[in-house]
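Undergrad:
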Amino acid sequence: MIDKTFASAADAVADIPDGASLAVGGFGLSGNPIALIEALLAQGTSDLSIVSNNCGVDDWGLGVLLNAKRIRKMTSSYVGENKEFERQFLSGELELELTPQGTLAEKLRAGGSGIAAFYTQTGVGTQVAEGGLPRRYDGTGAVAVASPAKDVRTFEIAGRAGDYVLEEAIVTDFSLVHAARGDRYGNLVFNKAARNFNPLAAMAGRICIAQVEELVEPGDLDPDSIHLPGIYVHRILEVGTGIQKRIEKRTVRPTNDQEN
1 MIDKTFASAA
11 DAVADIPDGA
21 SLAVGGFGLS
31 GNPIALIEAL
41 LAQGTSDLSI
51 VSNNCGVDDW
61 GLGVLLNAKR
71 IRKMTSSYVG
81 ENKEFERQFL
91 SGELELELTP
101 QGTLAEKLRA
111 GGSGIAAFYT
121 QTGVGTQVAE
131 GGLPRRYDGT
141 GAVAVASPAK
151 DVRTFEIAGR
161 AGDYVLEEAI
171 VTDFSLVHAA
181 RGDRYGNLVF
191 NKAARNFNPL
201 AAMAGRICIA
211 QVEELVEPGD
221 LDPDSIHLPG
231 IYVHRILEVG
241 TGIQKRIEKR
251 TVRPTNDQEN
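Numbering (full-length UniProt numbering), first residue to last: 1 to 260.
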């Protein structure tokens, strides 16, 4: 077994070059590998192609890379609350491959499992399958780059015939993920909602870098509780339990005094 630990986020991302492709875990702001994202920002890496469910918010998560104009392309299922994401896309500064959420998850899982492509009913009869979905605008509101048409075939499953669209797997140069606990061999345990896209992003990266709140020794994790085996993880660093965790939208119920 190999000790995969790194002393700092800066060391862990130091060899990520300009133009790299990254799969990044997180959903909204839950489970964002913020220490790794900020280290990437600090070292000045640019022209990135990033696969992630969304792009953080204007001042946190992947939004900090977006604001610094470090991202060339996003492959996402949701633009969300990030106004800069919307602005850059509509102005033609950013390419966006908008992908149905479940399809995006399966494309990442397939890439990590050695599956080249798969057929799904999601997107059949829409621009997802037929092509023409805007990927880049020209700055005047016209579409400069549109999605191509995809292969659609008819299959019969359980006695019912239907159309299915071919979706290719995603494999990236690197992946950045956040986990609650991990050991020196790279075995990871995620906490509740932070599990989201993190295991799938980890699987899809040729080199997976994981930040964990607590680093333990091999054997300390219950094997039956491990969500992602260390075979998928190449580098791991401890960021501590005090790391900032943002909430995208805080909604609270009025207190009794406010109600009265």
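No residue lacks a Cβ here, since even glycine has one placed at the ideal position from N, Cα and C.
Just so you know, these numbers come straight off a predicted model, no measurement behind them.
#1: What is the DSSP secondary structure of Pro17, reduced to helix, strand or coil?
#2: Give me the Cα-Cα distance between Val128 and Thr99, rounded to the nearest whole angstrom.
#3: Alpha carbon to alpha carbon, what distance is there between Arg72 and Thr241?
#4: Report the start-end ranges of each beta strand (DSSP E) in the segment 16-81 that is 3 residues or longer and not cut off at the edges.
#5: Indicate the three-state DSSP secondary structure (helix, strand or coil) for Phe197 in the structure shown.
#6: Is it the case that the Cβ atoms of Glu168 and Thr103 are separated by a distance below 7 angstroms?
#7: Is it a yes or a no for the segment 214-224 touching the segment 245-252, going by three-plus beta-carbon pairs under 8 angstroms?
#8: Would you kindly work out how many angstroms separate the C-alpha atoms of Ala23 and Val145, rounded to a whole number?
#9: Of the choices Gly44, Glu84, Met74, whose alpha-carbon is the least far from that of Ile16?
#10: Taking 7 angstroms as the CB-CB limit, is Ala194 close to chain D?
#11: Does DSSP put Gln121 in a helix, a strand or coil?
#12: Name, in chain order, the residues that DSSP records as bridge partners for Glu95.
#13: Could you check what DSSP says for Val165 in three-state terms: helix, strand or coil?
#14: In angstroms, rounded to a whole number, what distance separates the CA positions of Ile13 and Thr75?
#15: Pick helix, strand or coil for Asp220, following the three-state DSSP scheme.
#16: Roughly how many angstroms separate the alpha carbons of Phe164 and Arg253, rounded to a whole number?
#17: Could you please give me the residues that DSSP links to Ile157 through a beta bridge?
TA: Once the coordinates are examined:
#1: coil
#2: 8 angstroms
#3: 32 angstroms
#4: 21-24, 48-51, 71-76
#5: coil
#6: Their beta carbons are not under 7 angstroms apart, which means Glu168 does not touch Thr103 by this criterion.
#7: no
#8: 22 angstroms
#9: Gly44
#10: In the structure shown, chain D cannot be found, because there is only a single protein chain.
#11: Gln121 falls in the coil class under three-state DSSP.
#12: As DSSP reads the structure, Glu95 sits in a beta bridge with Lys73.
#13: Assigned with DSSP and collapsed to three states, Val165 falls in strand.
#14: It should be pointed out that residue 13 corresponds to Val in this sequence rather than to Ile. Taking the straight line from one Cα to the other gives about 21 angstroms.
#15: coil
#16: Looking at the sequence provided, one finds Tyr at residue 164 rather than Phe. For Tyr164 and Arg253, the distance between alpha carbons rounds to 44 angstroms.
#17: Bridge partners of Ile157: Arg160.
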